[in-house]
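Take a look at the structure below.
Residue numbers (UniProt numbering): 1 to 378.
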């Protein structure tokens, strides 16, 4: 029994010794320092991104500045919004300086600037039409600081400029269609320019868009062409006479290459053709059996011009038309034109009448009446 008690005391002593040797783990220095780093990082505010404007963006900024000054606009977003609505705004580089215009050629009232960039300095001359509006100097640093939060707006101004520049250097679908029409009759530069300047008769050339095709005509159905622009192809159906047709195809690239230099002439002819088509549409609604005397005179005058008997200037300034009723109660008309700078002597341009069918007739040398026009020319 004494031995058992002695053993228990010894075991208890050993356990006490062992428990005294056990230490609590110290806090991890590594974990603490990591936590401090994280805290430090999270409390540090992000630095601002450095902004650098391209030359075109700097020019766009100077244009916005000039626009705000001329139009009394007080904030940049409003000015940019107005500029983006300008139909032909472009920034172009020419001989070391930039031009930024609302129109390719300035007209009265349009804002344009010429910007010259030399190192950090930008010299800007602003024009209102052809009048010098202002002369200012900026630094790139100054503009960059002011437009630091409006960079995306400047990019939009540059983007619309690039879009308009691309459009100026390529033909639209209707311009391509007219180019193909002209190309069917003219091949050299001299022929093309001549055809666009005078080869297309101003009074009877027409342009219409029907059934996804452009229709060009010069007075008669046999001279009408149907031209379709699809994908990269420009396809022409040429009416050769009343029944025969031929087909000719071109690519957009070849027409662009040959005709982009005549873009303005193409646009002039397209507008003229549309106006003639609109007039013809209006005239077709006129009841020619119930014309007034003035309407009948207009028909005769326009017929004389369209048929090439007299020039428009002669009709407008030196032609008079007398009227009377014949035995059949038809309205008869006699146009007479005086020589230039001569108001006393004049000569007849023919004898005309409107028959009961509402047709314009002209008397020939045998005294017979021939129908020369069935559609009113107003």
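C-beta: ideal position from N, C-alpha, C; glycine also.
Checklist line | As assigned by DSSP and simplified to three states, the class of residue 359 | finding: Translated into positions along the chain shown, residue 359 becomes position 359. Correct three-state label for residue 359: coil.
Check: Under the rule that 16 or more other beta-carbon atoms within 10 Å means buried, what is residue 325, buried or exposed?
Finding: Stepping through the chain shown from its first residue, residue 325 is reached at position 325. It is exposed - the Cβ of residue 325 has fewer than 16 other Cβ atoms within 10 Å.
Notebook entry, point to check: When the Cα atoms are used, what is the spatial distance from residue 118 to residue 65?
Noted result: The residue given as residue 118 occupies position 118 in the chain shown. The residue given as residue 65 occupies position 65 in the chain shown. Straight-line Cα distance between these residues: approximately 19 Å.
Notebook entry, point to check: When burial is assigned at 16 or more other CB atoms within 10 Å of the CB, is residue 185 buried or exposed?
Noted result: The residue given as residue 185 occupies position 185 in the chain shown. Using a 10 angstroms sphere on the CB of residue 185, the tally of other CB atoms stays under 16, which defines it as exposed.
Next item on the list: Please state whether DSSP places residue 54 in a helix, a strand or coil.
Entry: Start at 1 with the first residue of the chain shown, and residue 54 comes out as number 54. In this structure, residue 54 counts as coil in the three-state DSSP scheme.
Next item on the list: For residue 170, name the three-state secondary structure that DSSP assigns.
Entry: Here residue 170 is taken as the residue at index 170 of the chain shown, counted from 1. Secondary structure at residue 170: coil, using DSSP grouped into helix, strand and coil.
Check: DSSP on residue 77, reduced to helix/strand/coil?
Finding: In the chain shown, counting from the first residue as 1, residue 77 sits at position 77. Correct three-state label for residue 77: helix.
Check: Taking the DSSP output, what are the residues bridged to residue 132?
Finding: The count along the chain shown starts at 1 and reaches residue 132 at position 132. Partner residues in the beta bridge of residue 132, as assigned by DSSP, are 127.
Note to self: Count Cβ pairs between the stretch 153 to 162 and the stretch 52 to 68 that sit closer than 8 Å; are there 3 or more?
What the structure shows: In short, these stretches touch, since the Cβ pair count reaches three.
Next item on the list: Please report the residue range of the alpha helix (DSSP H) in which residue 314 lies.
Entry: Start at 1 with the first residue of the chain shown, and residue 314 comes out as number 314. Unbroken alpha helix (DSSP H) run through residue 314: 312 to 318.
Notebook entry, point to check: Taking residue 68 as the reference, which of 134, 121, 92 has the closest Cα?
Noted result: As a first step, residue 68 is located in the chain shown; it is residue number 68 there, counting from the start. Restricting attention to 134, 121, 92, the CA atom closest to the CA of residue 68 is found in 134.
Next item on the list: Would you check if the distance between the CB atom of residue 141 and the CB atom of residue 124 is smaller than 7 Å?
Entry: Indexing the chain shown from 1 puts residue 141 at position 141. Indexing the chain shown from 1 puts residue 124 at position 124. No, these two residues do not count as a Cβ contact at 7 Å.
Next item on the list: Please go through the same chain and pick out, in chain order, the residues whose beta-carbon is closer than 8 Å to the beta-carbon of residue 180, but skip the five residues on each side of it.
Entry: To locate residue 180, count along the chain shown from 1; it is residue 180. Excluding residues within five positions, the ones whose Cβ falls inside 8 Å are 227, 234, 236, 248, 250, 255.
Check: For the alpha helix (DSSP H) that residue 306 lies in, which residues bound it at each end?
Finding: Taking the chain shown and counting its residues from 1, the one referred to as residue 306 is at position 306. Here the alpha helix (DSSP H) through residue 306 covers 293 to 306.
Margin query: Under 8 Å, with one C-beta from each stretch per pair, do the stretch 254 to 268 and the stretch 321 to 339 reach the 3-pair mark?
Written below: The stretch 254 to 268, when compared against the stretch 321 to 339, does not touch it at the 8 Å Cβ threshold.
Next item on the list: List the whole-angstrom C-beta distance separating residue 139 from residue 206, where the pair is believed to meet the contact cut-off of C-beta under 8 Å.
Entry: The residue you call residue 139 lines up with position 139 of the chain shown. The residue you call residue 206 lines up with position 206 of the chain shown. The beta-carbon distance between residue 139 and residue 206, rounded to whole angstroms, is 57 Å. This is too long to meet the 8 Å contact definition.
Next item on the list: Please confirm whether residue 357 and residue 331 have their CB atoms less than 7 Å apart.
Entry: Counting from one through the chain shown, the residue named residue 357 turns up at place 357. Counting from one through the chain shown, the residue named residue 331 turns up at place 331. No, the Cβ-Cβ distance between residue 357 and residue 331 is not below 7 Å.
Notebook entry, point to check: Helix, strand or coil: how does DSSP classify residue 72 here?
Noted result: Taking the chain shown and counting its residues from 1, one reaches residue 72 at position 72. Reduced to three states, the DSSP call for residue 72 is coil.
Notebook entry, point to check: Out of curiosity, what's the CA-to-CA distance linking residue 375 and residue 347?
Noted result: Taking the first residue of the chain shown as position 1, residue 375 is located at position 375. Taking the first residue of the chain shown as position 1, residue 347 is located at position 347. Cα to Cα, the separation comes out at about 27 Å.
Notebook entry, point to check: Measuring CA to CA, which of 128, 80, 129 is closest to residue 380?
Noted result: Look at the range of the chain in this structure, 1 to 378, and you will see that residue 380 is not part of it.
Note to self: Does residue 346 come out as helix, strand or coil in the three-state DSSP assignment?
What the structure shows: If you number the chain shown from 1, residue 346 lands on position 346. In this structure, residue 346 counts as strand in the three-state DSSP scheme.
Notebook entry, point to check: Beta carbon of residue 337, beta carbon of residue 319: below 7 Å?
Noted result: To locate residue 337, count along the chain shown from 1; it is residue 337. To locate residue 319, count along the chain shown from 1; it is residue 319. Contact: yes.
Next item on the list: With DSSP as the reference, please indicate the residues paired to residue 86 in a beta bridge.
Entry: Along the chain shown, one-based indexing puts residue 86 at 86. Residue 86 pairs with nothing; no bridge assigned.
Checklist line | Exposed unless 16 or more other CB atoms sit within 10 angstroms - verdict on residue 77 | finding: Within the chain shown, residue 77 is the residue found at index 77, counting from 1. When all chains shown are included, residue 77 counts as exposed.
Next item on the list: Please work out which residues of its chain come closer than 6 Å, Cβ to Cβ, to residue 288, disregarding the five sequence neighbours upstream and downstream, and give them in chain order.
Entry: Here residue 288 refers to the residue found at position 288 of the chain shown. Sequence-distant partners of residue 288 (beyond 5 residues in either direction) whose C-beta falls short of 6 Å from its own C-beta, in its chain, are 358, 376.
Checklist line | DSSP-derived helix/strand/coil call for residue 186 | finding: Within the chain shown, numbered from 1, the residue matching residue 186 stands at position 186. In the structure shown, the three-state DSSP call for residue 186 is coil.
Next item on the list: Verify the CB distance criterion: does residue 295 have a CB-CB separation below 7 Å to chain B?
Entry: The displayed structure is made up of one protein chain only, and chain B is not part of it.
Next item on the list: Reducing DSSP to helix, strand and coil, say where residue 340 ends up.
Entry: Here residue 340 refers to the residue found at position 340 of the chain shown. Assignment of residue 340 by DSSP, reduced to helix, strand and coil, places it in the coil class.
Check: Going along the chain, which residues of its own chain have a beta-carbon closer than 8 Å to the beta-carbon of residue 120, five neighbours each way excluded?
Finding: Along the chain shown, read from residue 1 onward, the residue named residue 120 stands at position 120. If we look at residue 120 and ignore the five residues flanking it on each side, its Cβ neighbours are 139, 140, 141.
Next item on the list: Please name the residue in 351, 173, 339 whose C-alpha comes closest to that of residue 300.
Entry: The sequence position of residue 300 within the chain shown is 300, counting from 1. If you compare the alpha carbons of 351, 173, 339 with that of residue 300, the shortest gap goes to 351.
Next item on the list: Measure how close the beta-carbons of residue 158 and residue 113 come, nearest whole angstrom, since I'm counting them as under 8 Å.
Entry: Translated into the one-based positions of the chain shown, residue 158 becomes position 158. Translated into the one-based positions of the chain shown, residue 113 becomes position 113. Contact between residue 158 and residue 113 fails: their C-beta atoms lie close to 14 Å from each other, not under 8 Å.
Checklist line | Cβ neighbours of residue 169 in the same chain (closer than 7 Å, five flanking residues each side left out) | finding: The residue labelled residue 169 in the question sits at position 169 within the chain shown. So the qualifying residues of the chain are 260.
Checklist line | When 61, 89, 367 are compared against residue 150, the one with the closest alpha-carbon | finding: Along the chain shown, one-based indexing puts residue 150 at 150. Checked all of 61, 89, 367; the closest Cα to residue 150 is 61.
Checklist line | Per DSSP, the bridge partner or partners of residue 353 | finding: Here residue 353 refers to the residue found at position 353 of the chain shown. Bridge partners of residue 353: 332, 361.
Next item on the list: Taking residue 308 as the reference, give the member of 321, 258, 349 with the closest Cα.
Entry: Walking along the chain shown from the start, residue 308 turns up at place 308. Taking the Cα of residue 308 as reference, the smallest distance to any Cα among 321, 258, 349 is reached at 349.
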